[in-house]
Amino acid sequence: MSTVSTLQPTRDPARLREELCAALAQADSPRDVANLLADLCTPAEVRTLAERWHVARLLDGTPMSYRDIHEATGVSTTTIVRVARFLKVENNGGYRAAIDRLGAG
Numbered sequence: 025m026s027t028v029s030t031l032q033p034t035r036d037p038a039r040l041r042e043e044l045c046a047a048l049a050q051a052d053s054p055r056d057v058a059n060l061l062a063d064l065c066t067p068a069e070v071r072t073l074a075e076r077w078h079v080a081r082l083l084d085g086t087p088m089s090y091r092d093i094h095e096a097t098g099v100s101t102t103t104i105v106r107v108a109r110f111l112k113v114e115n116n117g118g119y120r121a122a123i124d125r126l127g128a129g
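In my numbering, the protein residues as written are 25 to 129.
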């Protein structure tokens, strides 16, 4: 028995983002997310995402300065400033929600 898909090609960035978020939200475990990220991203892209998450946790959970974080992690100060802006200024709330759910430690 074959099924007819209602999925249609799109170039709409909002729809593409929604579909990606829906796929990530369906993961049952960190391993499932890791497997999906391994399929979706290059190793460098996964590392960049992981570094940003680590920096967000350091900014929120330690008294480390941007320079201290840079020296300890090797992450550029430009990236650290960007993460800090999205953690503390921008209203997306993604970093804040994830840190609050999982804890900074």
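We put the CB at the ideal spot given by N, CA and C, even for glycine.
Each of A49, Q50, V99 and Y90 was checked against the Cα of R71, and the nearest Cα belongs to V99. E95 and V105 have their alpha carbons spaced roughly 14 angstroms apart.
A direct Cα-Cα distance of roughly 37 angstroms separates P33 from R81. For A108, the closest alpha carbon among the candidates R125, S89 and D124 is that of S89.
With fewer than 16 other Cβ atoms inside 10 Å of its own Cβ, V28 counts as exposed. Counting C-beta atoms within 10 angstroms of its own C-beta, L111 has 16 or more neighbours from the protein chains shown and is therefore classed as buried. If you compare the alpha carbons of T101, R35, T102 and R76 with that of I123, the shortest gap goes to R76. The continuous alpha helix (DSSP H) containing E69 extends over residues P67 to G85. Here L44 is not near L31, since their CB atoms are 9 angstroms or more apart.
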